[in-house]
Amino acid sequence: MKLVIDCFKQVKGAGKSIGIYNLARHLVWELAGKQNAKQSGQNEIIVLGNSYNRKDFDVAGVTFIEIKKNPLSKLTCIKWELFDVSLLAKKLGADKVLFPRGYASMLHLTKEYVIIHDMIPFYYHEHFKGYFNRLENFYIMRRLKASARHADKVITISEASKRDIMKYAHADEKRITVIHNGYTPIKKEVYAAGGEDYIIAVTSKLPHKNAEGIAKAYMHYRKIAQHPLPLVVIGTNGVQLEGIDRELQGITWIGYVERDEELHRLLHNAKAFLFLSVAEGFGFPPIEAMQLETPVVCSNMSSLPEVAGDAALLVNPHDVQEVAQALIRVTTDSAYAKTLVEKGLRNAERFNWDKTGDKYREVLFDEV
150 MKLVIDCFKQ
160 VKGAGKSIGI
170 YNLARHLVWE
180 LAGKQNAKQS
190 GQNEIIVLGN
200 SYNRKDFDVA
210 GVTFIEIKKN
220 PLSKLTCIKW
230 ELFDVSLLAK
240 KLGADKVLFP
250 RGYASMLHLT
260 KEYVIIHDMI
270 PFYYHEHFKG
280 YFNRLENFYI
290 MRRLKASARH
300 ADKVITISEA
310 SKRDIMKYAH
320 ADEKRITVIH
330 NGYTPIKKEV
340 YAAGGEDYII
350 AVTSKLPHKN
360 AEGIAKAYMH
370 YRKIAQHPLP
380 LVVIGTNGVQ
390 LEGIDRELQG
400 ITWIGYVERD
410 EELHRLLHNA
420 KAFLFLSVAE
430 GFGFPPIEAM
440 QLETPVVCSN
450 MSSLPEVAGD
460 AALLVNPHDV
470 QEVAQALIRV
480 TTDSAYAKTL
490 VEKGLRNAER
500 FNWDKTGDKY
510 REVLFDEV
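For the working numbering, count along the sequence shown from 1 and bump the result up by 149.
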């Protein structure tokens, strides 16, 4: 069986999410490794890539074809995903084509398997119209709908995303398979303790990440906590928040943390981790905090209850009283915090690339 994986549009650091790039990279590695170990010669994997991603996708066990086009050109990418990739896959004799970015071809010349990570563009259309270019968002929604309806198989990363695909695209449930993302274990290191205790939150400037909700909940926490801890916010500098004083007492906005070692130190040394996103396809940050033995207070919306399980204190991200009380409990009840840490370590073990790779291999190679 000949599988073509379309990675032409994957450029590290470009586009909406490094998460999609990392999934595609790890998936190629896993499939290639298992190909060498278990099915040598039985299946062929061809990766369509570009000059930017060759170093990550040109690995033993696959045939890498560098497409001599510019993956940073929107027009080139639109033409590629609508027509060119399908024509090339047919020419290569592909039995199946896998699209990790969520958009299948319009031509359907071979069996097409598409990974749809989330339906967040529809969430923005309902709740934040005008935040993104409306024409571009409309195009994305149309392409997601068409891909979900017409692909031979839709793979998604959570039951929550599956429900959204069925809701917005009216896709056939029988053609949708859920495979949770894998996660690379964090190398255990000894992180030097900082000074005072603090709470840490991860967010971004995007509205669905709910930086404003974090700030408002923390303001309430400072009012009712007997001994409130300071808050460190990663991912935004806070300047885009309307009606929120960036100089609010107790909050330090540190923006993007480039080095993993520094991020892990901050997470590990925190007294509690706060994540109040209102829409996620999966949600890696709580798993990262769990691996680093930090008790998690997490939004109860979208995919997050599914990912966090019983290893986090789940809260309504819009209820400042509930969030504030949760922060007080996690930072003052040491026995409860210890229980969350222990559960978090076990929960994080659910997500690993070896299991994820096996499930993808079963869907891609074993299913007729």
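From the three backbone atoms N, C-alpha and C, an ideal C-beta is built for every residue, glycine too.
Residue span of the beta strand (DSSP E) that contains residue i, given as start and end
i, result
"W402", "400 to 404"
"I348", "348 to 351"
"K302", "302 to 305"
"V327", "325 to 327"
Contacting residues, own chain, Cβ-Cβ under 8 Å from residue i (five flanking each side not counted)
i, result
"G198", "C156, F157, Q159, F206, D207, F213, I214, E215, I216"
"I289", "P270"
"M368", "L397, V469"
When the options are compared against residue i, the one with the closest alpha-carbon
i, options, result
"I195", "R283, L231, H329, G242", "G242"
"H370", "S222, E471, K492, E491", "Per the sequence presented here, residue 370 reads as Tyr, with His not at that position. The residue with the shortest Cα to Cα distance from Y370 is E471."
"K302", "M268, N286, G251", "G251"
"E437", "V234, R324, S307, I335", "I335"
"T305", "S448, D346, K204, H329", "H329"
"G331", "E338, K504, I403", "K504"
"I141", "A374, Q440, P379", "Past the edges of the chain, shown from 150 to 517, lies residue 141, and the structure says nothing about it."
"K492", "V512, P466, V445", "V445"
"A181", "Y170, N386, E442, V211", "V211"
"D267", "M439, C447, G168", "G168"
"T259", "A318, E455, K245", "K245"
"F525", "E429, A320, M439", "Since the first residue shown for the chain is 150 and the last is 517, residue 525 is missing from the structure and cannot be characterised."
"V512", "L415, T326, V427", "T326"
"N202", "A318, S222, N171", "N171"
"V351", "G344, L415, D321", "L415"
"I227", "R292, R174, A173, P249", "R292"
"G404", "A428, K354, S296, E429", "K354"
"K508", "E179, R174, G162, K161", "E179"
"V456", "N501, A486, R283, L236", "N501"
"D482", "L494, L462, P466", "L462"
"K204", "K223, K240, V177, M255", "V177"
"V518", "K223, R324, H319", "Past the boundaries of the shown model lies residue 518; the chain is included only from 150 to 517, so the question cannot be answered."
"S307", "Y485, S296, P454", "P454"
"H417", "F431, D409, G432, L441", "L441"
"E410", "L425, K337, D459, G458", "K337"
"G430", "S296, S448, K311", "K311"
"A309", "G162, N449, K487", "N449"
Cut-off 7 Å between Cβ atoms - residues of its own chain near residue i, not counting five sequence neighbours on either side
i, result
"H274", "N286, M290"
"N192", "M150, L152, Q184, F514"
"H299", "A253, H257"
"F277", "P356"
"K519", "What is shown of the chain runs 150 to 517, which leaves residue 519 out entirely."
"R174", "D205, F206"
"S222", "none"
"E322", "M315"
"F281", "Y273"
"D459", "K492"
Close beta carbons around residue i, own chain, < 6 Å, minus the five adjacent residues each side
i, result
"I154", "V196, L247"
"K365", "V469"
"L412", "V406"
"T225", "K218, N219"
"L489", "P444"
"I373", "A473"
"G384", "V351, T352, S353"
"A475", "V446, L462, V464"
"G432", "S452, L453, V456"
"P249", "A173, I264"
Those residues which DSSP pairs with residue i across a bridge
i, result
"K245", "L152, K260"
"L380", "I348, I400"
"I169", "Answer by DSSP bridge pairing: none, since I169 is not bridged."
"I265", "T305"
Residue i beta carbon near the ligand FMN (any heavy atom closer than 6 Å)
i, result
"F287", "You won't find the ligand FMN in this model; it holds no ligand whatsoever."
Residue i: first and last residue of the uninterrupted alpha helix (DSSP H) it sits in
i, result
"V234", "234 to 240"
"R373", "Contrary to the premise, residue 373 reads as Ile rather than Arg in this sequence. Per DSSP, I373 belongs to the alpha helix (DSSP H) from 360 to 373."
"H299", "283 to 299"
"E548", "A query on residue 548 cannot be resolved here, the shown segment of the chain reaching from 150 to 517 and no further."
"Y252", "First-last for Y252: undefined, no H or E at that position."
"G162", "Unbroken run through G162: none, as it is neither H nor E."
"K508", "502 to 510"
"L535", "Look at the range of the chain in this structure, 150 to 517, and you will see that residue 535 is not part of it."
Beta carbon proximity, residue i to chain D, threshold 7 Å
i, result
"S307", "This model lacks chain D altogether; it includes just one protein chain."
- Item | Runs of beta strand (DSSP E) wholly within the stretch 399 to 477 (minimum 3 residues, chain order) | 400 to 404, 421 to 424, 445 to 448, 462 to 464
- Message: Runs of 3 residues minimum, wholly inside the stretch 188 to 218: which ones carry the beta strand (DSSP E) assignment?
- Response: 193 to 198, 212 to 215
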